[in-house]
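So the structure is just underneath, and the comments pick up after that.
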Amino acid sequence: MTPRIRRLAVPVLTASLLALATACGGGGGDGADTAAKPGEKIKLTVGLFGDFGFKPLYEEYKKTHPNIEITENVTQFNDHHNNLVKRLATNAGAADVEAVEVGYISTFTAQPAKFHDLRQYGLDKRQSDYLDWKWQQGLGKQGGQLLGLGTDVGGLAMCYRKDLFEKAGLPSDRDEVAKLWPTWEQYIETGKKFAAADVAGAKFVDSPGEIFRAMVNQAPTGLYDQQDSIIVASNPDVKKAWDLSNQLTSEKLTAKLAAFSPPWNTGFAKGAFATIICPAWMTGYIQEQAKDATGKWDIATVPGGSGNSGGSHLMVPKQSKHPKEAAELIDFLTSKENQAKVFKEEGTFPSIPALYDDPSIQNFTKEFFGDAPIGKIYSEAAKALKPQHLGPKEAEVRVVIGDGLGRVEQGKQTPDQAWAQVLEDVKKIK
Amino acid sequence: MSALPLSVPRRHRRGVRHTLDVRVSPYAYVAPFFLLFCAFGLFPLAYTAWVSLHEWTLLDEEQTFVGLDNFATLLTDGYFWNAAFNTLSIGVLSTAPQLLLAIWLAHLLNRPMRFQTLFRISLLLPNVTSVVAVVVIFSQLFGRDYGVINWVLSWFGAGTIDWAAGTATSHIALSTMIMWRWTGYNALIFLAAMQAVPKELYEAATLDGASSFTQLRRITVPMIRPTIVFVVIVSTIGAMQIIAEPLLFGASSGAGGGAVSGGPDRQYQTLALFVYEQGFTKFDFGYASAASWLMFLAVVLVAGINFLLTRRLKGGLG
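Residue numbers (UniProt numbering), protein chains in the order written: chain S, 1 to 430; chain D, 1 to 318.
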């Protein structure tokens with residue numbers, strides 16, 4: 001159940017997934033678009049990146065659908081999405097249900113011919129459940145087909161290590177901590193105080209990359225304008241986020257640990273950084289990596305107001321042999337009850353606003369985070385969210401900027417040199 | 001009387017069959033290889049050339065013909081030349097010490113000793129280890145904060161080295177992984193060649209009082225020269241194709257940025273990784289195909305140079 005090797009075993013998984021998925025693609029029944037006969041065994045595959053907390057739900061689903069067998073294929077984030085593009089292009093190997101993260105969603109909603117329109121299976125009835133912008137993200141770019149149903153949203157918060165804050169002589173109560181950093185500038189000031197206290201083996205933040213991402217996500221427009229043109233060079237909010245992120249580096253506040261790398265995982269276990277940008281889905285990740293740190297982590301509000309980071313949709317590729325059953329499964333996995341369950345188990349926050357005022361969510365706390373009221377924190381973050389338009393090559397642009405931040409962090413370039421190279425690289429993105 | 005006219009055509013027929021057999025059979029026997037080569041070698045090569053002349057993106061339905069545009073862009077692309085330099089650097093850093101080490105190891109194992117087979121088999125062990133396991137483990141050894149190598153270096157007062165961040169350091173780290181996997185393999189090839197060197201030469205040399213090292217230098221190396229050339233060619237071609245090591249190193253060393261770019265500064269992106277980045281993460285197949293073709297030409301060039309060298313360096317005691 002615990003997928004702690006999921007990031008480490010990337011290549012192994014990719015390879016085996018490729019083999020597995022290809023086998024499945026060739027295998028399954030030939031009657032495309034035809035409903036299964038009663039009693040016929042149906043195998044559904046679900047392609048995910050990381051743990052979505054779906055496994056207990058499959059067991060439950062089997063009780064009401066005994067003829068359906070569900071296999072889950074988990075790959076690493078980038079590999080998952082790249083593989084999906086390849087499988088769509090070659091019309092082979094895609095799972096029946098594929099998860100797509102918002103950074104990639106526009107890439108796929110621009111290809112409506114490659115996916116089933118979920119309206120034909122009646123899933124448009126779910127529209128009233130959803131946050132409006134989350135619903136819009138799952139629609140086809142032309143014609144408004146319903147291509148993906150939302151799972152979670154990533155309302156932002158800031159996770160921090162209480163014990164390290166105490167060692168540095170900073171307040172550790174979450175309300176007090178929130179008051180330390182209403183703005184990102186104040187966050188950096190707090191970081192300087194933390195660094196001045198010189199806590200052994202600990203830096204203030206893991207790396208500038210995720211902080212940059214959070215700052216850009218808080219802006220009204222990010223890397224793309226509404227017309228899908230890249231505006232990295234002209235958007236002052238992007239440049240401001242770039243400058244502030246590099247300030248973290250120049251003040252030596254970062255542990256230089258790239259997100260989702262094995263050393264980053266080790267960093268959690270060793271307490272190598274005191275704060276980390278914390279979309280709801282990150283809480284599950286922290287809990288898994290820092291197993292021995294129960295009660296040491298806590299959650300405060302994020303500097304600079306709310307923003308979204310991450311969140312996914314589930315889609316049914318055209319090549320699925322059992323689109324009807326796959327659509328039913330999506331309906332089940334994203335239902336109100338199940339989104340609430342997954343949140344409590346895995347931390348991914350629901351995209352169904354009716355849940356946000358639900359007492360079971362509002363009153364939900366987690367021992368690992370010092371009984372922080374995480375239901376309340378993320379509900380408020382999600383309610384305050386202003387959605388941002390994401391473009392078709394969002395992920396690629398972010399990698400280019402991430403590389404730039406990395407060059408500054410590794411001392412290869414000054415922020416200005418790195419920025420110039422980022423703009424050059426962005427121009428090449430077609 | 002009647003048997004004779006009958007038997008002539010029969011014999012004649014057998015003759016045709018026999019000629020056919022002699023003439024055609026050899027082709028039939030080698031055909032499977034050449035058919036497979038055409039299907040999986042020649043056709044992809046030609047098709048890649050065709051693709052390289054197009055603006056060809058994976059998810060787009062239309063491909064426009066652009067002539068040699070991709071090649072022109074490629075030759076002015078700094079990242080391509082950066083990858084070419086890295087490939088050369090990692091290739092030299094891993095191949096040269098590796099071959100010296102392999103010859104020395106083979107020389108040691110060529111002498112009578114106990115548990116000979118055990119030692120010889122254990123040479124091959126690193127080679128049968130999965131490259132994924134090798135890179136994951138070595139990435140941890142070369143870790144900046146918690147790596148064993150930095151820990152050992154700290155005993156000698158050396159500061160913390162960020163192996164993945166530097167150009168030279170990352171090349172050293174990658175070369176180490178490549179050497180670890182291939183030194184034993186090459187040593188076994190050398191060992192096989194050394195077994196064919198007449199023992200009398202060594203006996204005579206020993207009588208003359210030549211040391212073990214002198215024997216290695218003056219007898220063994222000249223006698224196995226063709227094998228050395230062979231191993232150099234194979235290693236060079238292997239070095240051109242390095243991709244798994246830098247890709248996995250990027251994914252597991254936490255150097256930041258996308259793993260396919262070989263570090264945020266592309267400090268260890270090899271040519272093969274460059275092709276992979278263009279083709280399979282940016283899905284720009286036209287550009288990736290053009291890069292593959294230039295790589296192919298480079299391999300042909302290197303193989304050609306090696307061939308000329310082989311012709312000049314004949315084996316035997318000079």
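Note that the Cβ used here is the ideal one computed from N, Cα and C, for glycine as well.
Quiz item: For S:Met158, which of helix, strand or coil comes out of DSSP?
Solution: It is a strand residue.
Self-check item: Per DSSP, cross-strand counterpart(s) of S:Ile299
Solution: S:Cys159
Self-check item: Ordered list of alpha helix (DSSP H) runs contained in the segment 217–281 of chain S, each at least 4 residues
Solution: Taken in chain order, the complete alpha helix (DSSP H) segments of 4 residues or longer contained in the segment 217–281 of chain S are 236–250, 262–270.
Quiz item: How about D:Phe40: is its C-beta nearer than 7 Å to some C-beta of chain S?
Solution: no
Exercise. With DSSP collapsed to three states, give me the class of S:Phe49.
Key: strand
Quiz item: So does the segment 179–195 of chain S actually touch the segment 350–362 of chain S, counting three or more Cβ pairs closer than 8 Å?
Solution: no
Quiz prompt | Reference S:Phe268, options S:Arg161, S:Phe49, S:Ser306, closest by Cα | solution = S:Arg161
Practice problem: Return the CA-CA distance between S:Leu329 and S:Lys86, expressed in angstroms with no decimal places. | Solution: 24 Å
Quiz item: Using the C-alpha atoms, what's the distance from S:Trp135 back to residue 431 of chain S?
Solution: As displayed, chain S neither begins before 1 nor continues past 430, which places residue 431 of chain S out of reach and without an answer.
Quiz item: Which runs of the alpha helix (DSSP H), 4 residues or longer, sit entirely within the segment 46–99 of chain S?
Solution: 55–64, 77–90
Quiz prompt | 8 Å Cβ cut-off: residues of chain S touching D:Thr270 | solution = The premise fails here: D:Thr270 is roughly 16 Å from chain S at the closest Cβ pair, so nothing lies under 8 Å.
Exercise. Taking all protein chains shown into account, decide if D:Asn150 is buried (16 or more other Cβ within 10 angstroms of its Cβ) or exposed.
Key: buried
Quiz prompt | S:Asn338 and S:Leu156 closer than 7 Å at C-beta | solution = no
Quiz item: Pick from D:Leu308, D:Gly67, D:Leu35: whose alpha carbon is nearest that of D:Ile233?
Solution: D:Leu308
Quiz item: Over what stretch of residues does the alpha helix (DSSP H) that includes D:Phe142 continue unbroken?
Solution: Segment: none, D:Phe142 is in no alpha helix (DSSP H) and carries neither H nor E.
Practice problem: Would you list, in chain order, the members of the segment 196–214 of chain D that have their beta-carbon closer than 7 Å to a beta-carbon of chain S? | Solution: Using a CB distance below 7 Å, no part of the segment 196–214 of chain D faces chain S.
Quiz item: Can you name, in chain order, every residue of its own chain whose Cβ lies under 8 Å from the Cβ of S:Thr22, other than the five neighbours on each side?
Solution: With a pLDDT of 40 at S:Thr22, under the threshold of 50, the predicted position of this residue should be treated as unreliable, though the coordinate-derived value follows. Answer for S:Thr22: Ala92, Gly93, listed in chain order.
Quiz item: Between S:Pro279 and S:Gly305, is the Cβ-Cβ spacing less than 7 Å?
Solution: no
Exercise. Alpha carbon to alpha carbon, how far is S:Tyr130 from S:Gln137? Give it in angstroms, no decimals.
Key: When only Cα atoms are considered, S:Gln137 and S:Tyr130 end up about 11 Å apart.
Quiz item: Thinking C-alpha only, which one of S:Ala197, S:Val408, S:Glu325, S:Ser172 is nearest S:Thr64?
Solution: S:Glu325
Quiz item: On the three-state DSSP scale, how would you describe S:Gly311?
Solution: In this structure, DSSP gives S:Gly311 a state outside helix and strand, which the three-state scheme calls coil.
Exercise. Just grab the DSSP bridge partners of S:His322 for me.
Key: Bridge partners of S:His322: none, in fact.
Practice problem: Can you grab the Cα-Cα spacing for the pair D:Arg181 / S:Lys430, in whole Å? | Solution: 39 Å
Exercise. Go through its chain and collect everything with a Cβ distance to D:Thr87's Cβ below 6 Å, but skip five positions before and after it.
Key: Thr270, Leu271
Self-check item: Backbone CA spacing between S:Ile68 and S:Lys41 [nearest angstrom]
Solution: 6 Å
Quiz item: Using a C-beta cutoff of 7 Å, does D:Leu141 count as contacting chain S?
Solution: No, its Cβ sits nowhere closer than 7 Å to a Cβ of chain S.
Quiz item: Listed in chain order, which residues of the segment 60–89 of chain D have Cβ atoms closer than 8 Å to some Cβ of chain S?
Solution: none
Quiz item: Residues in the segment 77–88 of chain S with C-beta within 8 Å of chain D's C-beta atoms, listed in sequence order?
Solution: Asn78, Asn82, Val85, Lys86, Leu88
Quiz prompt | Span of the beta strand (DSSP E), counted from its first residue to its last, around S:Val199 | solution = Careful: S:Val199 lies outside any beta strand (DSSP E) and carries neither H nor E.
Self-check item: Cβ neighbour criterion (16 or more within 10 Å) applied to D:Ser25
Solution: exposed
Quiz prompt | Endpoints, alpha helix (DSSP H) assigned at S:Gly402 | solution = 394–409
Quiz item: Shorter than 7 Å from the beta carbon of S:Thr266 to some beta carbon of chain D?
Solution: Residue contact with chain D for S:Thr266: present (Cβ-Cβ distance below 7 Å to some residue of chain D).
Exercise. Express the C-alpha separation of D:Gln267 and S:Gly25 in angstroms, rounding to a whole number.
Key: Confidence at S:Gly25 is low in this model, with a pLDDT of 38, below 50, so its placement is unreliable and no value can be given for it.
Quiz item: Whole-angstrom Cβ separation of S:Lys318 and S:Lys114, contact assumed at under 8 Å?
Solution: About 6 Å; that satisfies the 8 Å criterion.
Exercise. Pick helix, strand or coil for D:Ala158, following the three-state DSSP scheme.
Key: coil
Quiz item: Is the segment 400–416 of chain S close to the segment 374–387 of chain S, with three or more CB pairs under 8 Å?
Solution: no
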